[in-house]
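J.:
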Amino acid sequence: MAWEELTEEEKCMTGWLEKTYHGIAWSSGDIPYHRLNNILKICTQGVEKIFIKGEQKAQWMRNILPNISISNVEDYGCPPLEEIQSQIQYFCFNHDLCICRKPMCAIYNVVGIRTWLLDYLIRLAKMK
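Just so we're aligned, residue 57 is where the sequence shown starts under my numbering, counting upward by one.
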């Protein structure tokens, strides 16, 4: 949807979400869903396994990429993002520094999940 088609209330809500929640500008880009499958297939060439947080997202990716093993990190005991985020030190330059709360940043989330997953795999290897 074009910015001009939004109501004033929707524009205000979008601005608030951008500044305080995810930091993604309305004009950051848009990939039509009909192109997304091809883009994901290109970006995952040679990839054997992908870890995802959330069963709905995992199932969605399994449908798009049936030849890649898709695992939901929650099946391995991955805690909620809020608990992971409190354990990592990372600042995303796409967001303003906010003392009262951290924005829900995709990069921040990925760094946290990756850190948790690597720690989990190390613990698992030591148990063997």
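All residues carry an ideal CB built from backbone N, CA and C; glycine is no exception.
Grouping DSSP H, G and I as helix and E and B as strand, with all else coil, what is I106?
T.: I106: strand per DSSP, three-state reduction.
J.: Starting from S125, follow its DSSP beta bridges and name the residues at the other end.
T.: For S125, which the question treats as bridged, DSSP gives the partners K105.
J.: Look at the alpha carbon of M69 and the alpha carbon of K75, and state the distance between them as a whole number of angstroms.
T.: Approximately 10 Å between the Cα atoms of the pair.
J.: Enumerate in chain order the residues of its own chain whose CB-to-CB distance from K67 is below 8 Å, with the five nearest sequence positions on each side excluded.
T.: Contacts found: W59.
J.: Mind checking whether the beta-carbon of Q115 lies closer than 8 Å to any heavy atom of the ligand FAD?
T.: In the structure on display, the ligand FAD does not appear, and there are no ligands present to speak of.
J.: Is the number of C-beta pairs between the stretch 163-179 and the stretch 113-126 that are closer than 8 Å three or more?
T.: The answer is no - the stretch 113-126 does not touch the stretch 163-179, with fewer than three Cβ pairs under 8 Å.
J.: Using a Cβ-Cβ cut-off of 8 Å (strictly less than) and excluding sequence neighbours within five positions of T100, which residues of its own chain qualify?
T.: Result list for T100: I106, L121 and I124, in chain order.
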